[in-house]
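Residue numbers for the sequence shown follow the working numbering, beginning at -18 and rising by one. All C-beta atoms in this analysis are idealised placements derived from N, C-alpha and C, irrespective of residue type, glycine included. Being a predicted model, the structure only gives us computed values, none of them experimental. Right, one structure below, let's go through it.
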Amino acid sequence: MGPLRLLARCAVFALVALLCDFAGLIFLLLGIFAPISSWDFFVYVGALLLAFSLLFWTLWYTFNIEVPFGELGLS
-18 MGPLRLLARC AVFALVALLC DFAGLIFLLL GIFAPISSWD FFVYVGALLL
32 AFSLLFWTLW YTFNIEVPFG ELGLS
């Protein structure tokens, strides 16, 4: 089972999570290291994007869990 097969089942959640991770890190580092007057906006937005990425990673992981039909007890 390759990593692309696991990613392909819920690829939208994984891509949104990666996008939030990337954008959140960029905003956070921009707010910390750039000499700008509105640094707090960038730090807070970066932290919020990283928090949302955790939500999307959780959704991706949850929807990728496979339970065999026999273990569901529906038969």
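Provide the residue span of the alpha helix (DSSP H) that contains residue i, from first to last.
| i | result |
| --- | --- |
| GLY57 | What is shown of the chain runs -18 to 56, which leaves residue 57 out entirely. |
| ILE7 | -8 to 14 |
Are there 16 or more other CB atoms within 10 angstroms of the CB of residue i, so buried, or fewer, so exposed?
| i | result |
| --- | --- |
| ALA15 | exposed |
| PHE64 | Absent from the structure is residue 64, since the part of the chain shown begins at -18 and ends at 56. |
| GLY12 | buried |
| GLY5 | buried |
| LEU35 | exposed |
| LEU(-2) | Correcting the residue identity first, residue -2 is Ala in this sequence and not Leu. By the neighbour-count rule (16 or more Cβ atoms within 10 Å), ALA(-2) is buried. |
| PHE23 | buried |
| LEU(-4) | exposed |
What distance in whole Å lies between the Cβ atoms of residue j and residue i, which are believed to be in contact at a cut-off of 8 angstroms?
| i | j | result |
| --- | --- | --- |
| PHE(-6) | PHE33 | Rounded, the Cβ-Cβ distance is 12 angstroms, inconsistent with contact. |
| LEU9 | GLY27 | 3 angstroms |
| LEU31 | ASP2 | 7 angstroms |
Residue ranges of each alpha helix (DSSP H) run of no fewer than 4 residues wholly in the stretch 11 to 46, ordered along the chain? Segments of the alpha helix (DSSP H) lying fully in the stretch 11 to 46: 20 to 44.
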